[in-house]
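Trainee:
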DNA sequence: AGTTTATATGAAGGATAATACATATGAAGT
DNA sequence: ACTTCATATGTATTATCCTTCATATAAACT
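Chains as they are written, first to last, in this note's numbering: chain Z, 395 to 500; chain L, 395 to 500.
1) List the residues of chain Z that residue 429 (chain L) touches, going by C-beta distances under 8 Å, in chain order.
2) Can you list, in chain order, the residues of its chain with a C-beta nearer than 8 Å to that of residue 468 (chain Z)? Leave out the 5 residues immediately preceding and following it.
3) Taking the alpha helix (DSSP H) that residue 468 (chain Z) falls in, what are its first and last residues?
4) Check the Cβ-Cβ distances between residue 439 (chain L) and every residue of chain Z, and say whether any is below 8 Å.
5) To the nearest angstrom, how far is it from the Cα of residue 430 (chain L) to the Cα of residue 445 (chain L)?
6) Within the 8 Å Cβ cut-off, does residue 407 (chain Z) reach chain L?
7) Using a C-beta cutoff of 8 Å, does residue 444 (chain L) count as contacting chain Z?
8) Tell me whether the beta-carbon of residue 464 (chain L) lies closer than 8 Å to the beta-carbon of residue 441 (chain L).
9) Measure the beta-carbon distance from residue 400 (chain L) to residue 413 (chain Z) and round it to whole angstroms, keeping in mind my assumption that it falls under 8 Å.
10) Distance cutoff 8 Å, beta carbons only. Does residue 467 (chain L) sit that close to anything in chain Z?
11) Whose C-beta lies closer than 7 Å to the C-beta of residue 439 (chain L) among residues of the same chain, with five residues either side of it excluded?
12) State the Cα-Cα distance for the pair residue 407 (chain Z) and residue 403 (chain L), rounded to the nearest angstrom.
13) With DSSP as the reference, identify every bridge partner of residue 458 (chain L), one or two as the case may be.
14) By the 10 Å Cβ neighbour count, where 16 or more other Cβ atoms means buried, how is residue 397 (chain Z) classified, buried or exposed?
15) Of the choices L:462, L:482, L:472, whose alpha-carbon is the least far from that of residue 483 (chain Z)?
16) Against residue 413 (chain L), what residues of chain Z qualify as contacts under a CB-to-CB distance less than 8 Å, listed in chain order?
17) The region 445-463 of chain Z: which residues have C-beta closer than 7 Å to a C-beta of chain L, in chain order?
18) Quick one: is residue 470 (chain Z) buried, meaning 16 or more other Cβ sit within 10 Å of its Cβ, or exposed?
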């Protein structure tokens, strides 16, 4: 396998290719939240949210600020915002179904 | 699971979260190629390249033009170019290791 | 129509990641 | 120091995706 930019990108996209993590980022783009607030707003268990926050944190897609016992997670708006713009633009211009193509019901 | 933008994005990123497909896009950003040319330049089997081109095509990350027996694949430069810029920017600004963090040797 | 070349598809096996449950850490307040 | 609250981690099962080999399609040329 030839190596290049694709190698740099790989972890980046693997990290994003997960519904829980995408939903997490979506929530955090609206407002910063603690883990439990995230869990509640996502309807997921706390441990699952924690598990998925870890890779997001490692790649600096999110960052933390402490608030007493809580840890408030913030989205990296620069990267995530830019990314969402690309996706939206692609969906508008190149997806016949506006981004809903081949989507399996889950 | 709450549904929203994350749902639109999911297939998008799943599609990109694959080293073969990323390498394919990287090659096609340089120049359009047939399947066999791609296979050779990637050092992969033809069937594997074909398998991986399929989802790229479905999401319109690439498109085809016929040339006799060959099918020349083109990258969607608008989307892929914008995407790579976001990744590069993120790597520069937010990755301590410039995008090489936690990369396993393969 | 048959042959060759180019590409696509099917299906099985193995690898990898996601989820859920249980438990551990760790900070704050008493 | 003990308790409580908030979050993180470990592990096993399950689900998902990737790859490979074999085969099918399909166009162009004879």
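From the three backbone atoms N, C-alpha and C, an ideal C-beta is built for every residue, glycine too.
Note that the structure is a prediction, hence the values are computed from the model and not measured.
Mentor: Reading off the structure:
1) By Cβ distance, chain Z contributes nothing, its closest Cβ being about 16 Å from residue 429 (chain L), past 8 Å.
2) Apart from sequence neighbours up to five positions away, the residues of its chain that approach residue 468 (chain Z) with a beta-carbon distance below 8 Å are 422, 426, 456, 457, 458, 459, ordered along the chain.
3) Element bounds for residue 468 (chain Z): not the alpha helix (DSSP H) but the beta strand (DSSP E), 464-469.
4) no
5) 13 Å
6) yes
7) no
8) no
9) The beta carbons of residue 400 (chain L) and residue 413 (chain Z) sit about 6 Å from each other, so the pair counts as a contact at 8 Å.
10) Any Cβ of chain Z closer than 8 Å to the Cβ of residue 467 (chain L) would place that residue at the interface, and such an atom is absent.
11) Same-chain partners within the cutoff: 433.
12) 11 Å
13) L:467
14) Because the pLDDT of residue 397 (chain Z) is 47, which lies under 50, any placement of that residue in the model is unreliable, and the number read from its coordinates should be weighed accordingly. Classification of residue 397 (chain Z): exposed, given that the 10 Å Cβ count is below 16.
15) L:472
16) 395, 400, 401, 404
17) 452, 454
18) buried
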